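Peer 1: Quick note: the sequence shown uses full-length UniProt numbering, first residue 1, plus one each step.
Every residue, glycine too, gets a C-beta built ideally from N, C-alpha and C.
Just so we're clear, the structure is a prediction, and the values are computed from it rather than from any experiment.
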Amino acid sequence: MSLTRVGVDLLAGSVAYRAGMTVSSDLTGRARLREAALRLFAERGFEATSARAVAAAAGLSPALVIHHFGSKEGLRAAVDEEVLGRIGAALRDADALAGEGAEAGTGTGAGAGAGTGADVMAAVGAVSARMFGADPVLRGYLRRVLQEESAASAALFARLLRGARAELDRLAAAEGADATDARWAPFQMLCLILGPLLLEPVMQPNLDQPMFDPQVLASRSAANQHLLRHGLFGPAPSPSTRG
């Protein structure tokens, strides 16, 4: 399963809400409301943000929230789809980068053009770092929504979890080996990716550089890749070397 397929899964449903829109002004108004909601939900949380506040931030009438989304919950669903769409687009970029690495002969596997496990993991790490590092609003939104105890938050996490499972399938095919614990591996992957987003307010005071600066992101990404491929203390010793 390719990273492109993961992106398609993450984007599922986003086409549905775009398909019915044919009027240019509606597209513009809908996008403005969605982007304003993304910013305000990231800053204040969903419950503390009114539809009227979103409309005011977008410079539009509150009635347009109902017109375009049906309700504030419908607006939140559209924001979730936008966030998942950005993640899906990043995964497609990673798929292309991994393929370029394989074609350039930078990998270590035999799958020409497909990307080795190292190619795929490095590409996903680079693209994810670039996406989250450049978008504090996206980080803030994910932090807010994933800390809320709601059905919508659980559903968003479930879709991220499906994407993580599919990504692990891709890595397993490239590596020629399955994860040692198929049940927990996708959760572990998401903890590595989402942990810094959720813990940014308490992690940052313990670091001497901004934790989403490009160099810091690259260093953390490399450490995560090593952890995923080799474990915290490296490969397990063979019985003959245990003494």
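Excluding sequence positions up to five away, which residues of its chain have a Cβ less than 6 Å from the Cβ of M189?
Peer 2: Answer for M189: A164, listed in chain order.
Peer 1: Under the rule that 16 or more other beta-carbon atoms within 10 Å means buried, what is S225, buried or exposed?
Peer 2: A small fix is needed here, since residue 225 is Gln in this sequence, not Ser. Buried: at least 16 other Cβ atoms inside 10 Å.
Peer 1: Hey, how far is the Cα of P205 from the Cα of L199?
Peer 2: Roughly 11 Å separates the two Cα atoms.
Peer 1: Could you name the residues of the same chain whose beta carbon sits closer than 7 Å to that of S153, not counting the 5 residues immediately before and after it, in chain order?
Peer 2: Cβ neighbours of S153 beyond the five flanking positions: V145 and L146.
Peer 1: Excluding the five sequence neighbours on either side, which residues of its own chain have a C-beta within less than 7 Å of the C-beta of A42, listed in chain order?
Peer 2: If we look at A42 and ignore the five residues flanking it on each side, its Cβ neighbours are V137, G140, Y141 and R144.
Peer 1: Determine, for L142, whether the minimum Cβ-Cβ distance to residues of chain B falls below 8 Å.
Peer 2: Of the protein chains in this structure there is only one, and it is not chain B.
Peer 1: Do A218 and A90 have their CB atoms nearer than 8 Å?
Peer 2: Not in contact: A218 and A90 (Cβ atoms no closer than 8 Å).
Peer 1: Where L64 and A36 are concerned, what is the direct C-alpha to C-alpha distance, given to the nearest angstrom?
Peer 2: Cα-Cα distance, rounded: 13 Å.
Peer 1: In angstroms, rounded to a whole number, what distance separates the CA positions of A222 and R183?
Peer 2: In a straight line, the C-alpha of A222 is about 24 Å away from that of R183.
Peer 1: Excluding the five sequence neighbours on either side, which residues of its own chain have a C-beta within less than 7 Å of the C-beta of F212, listed in chain order?
Peer 2: F132 and G133, listed in sequence order.
Peer 1: Using three-state DSSP, classify A70 as helix, strand or coil.
Peer 2: Correcting the residue identity first, residue 70 is Gly in this sequence and not Ala. Note: G70 maps to coil in three-state DSSP.
Peer 1: What does the alpha-carbon distance come out to for the pair G29 and F69?
Peer 2: Spanning the two alpha carbons is a distance of roughly 11 Å.
Peer 1: Kindly indicate which residue of K72, R44, L38 and A78 has the alpha-carbon position closest to the one of R52.
Peer 2: Answer by Cα proximity: K72.
Peer 1: Is DSSP giving P186 helix, strand or coil here?
Peer 2: Helix at P186.
Peer 1: Using the rule of at least 16 other Cβ atoms within 10 Å of the residue's Cβ for burial, across every protein chain shown, is V202 buried or exposed?
Peer 2: That one is exposed.
Peer 1: Mind pulling the alpha helix (DSSP H) runs of 4 or more residues that sit fully within the region 164 to 227?
Peer 2: The region 164 to 227 contains these whole alpha helix (DSSP H) runs: 185 to 203.
Peer 1: Just how far apart, CA to CA, sit V79 and L38?
Peer 2: So the alpha carbons of these two residues sit roughly 6 Å apart.
Peer 1: From this set, G231, R220 and E47, which residue's C-alpha is nearest A122's C-alpha?
Peer 2: It is R220.
Peer 1: Looking at A57: is its Cβ nearer than 8 Å to the Cβ of L40?
Peer 2: Yes, these two residues count as a Cβ contact at 8 Å.
Peer 1: What distance in whole Å lies between the Cβ atoms of A179 and L168, which are believed to be in contact at a cut-off of 8 Å?
Peer 2: Confirmed, about 6 Å.
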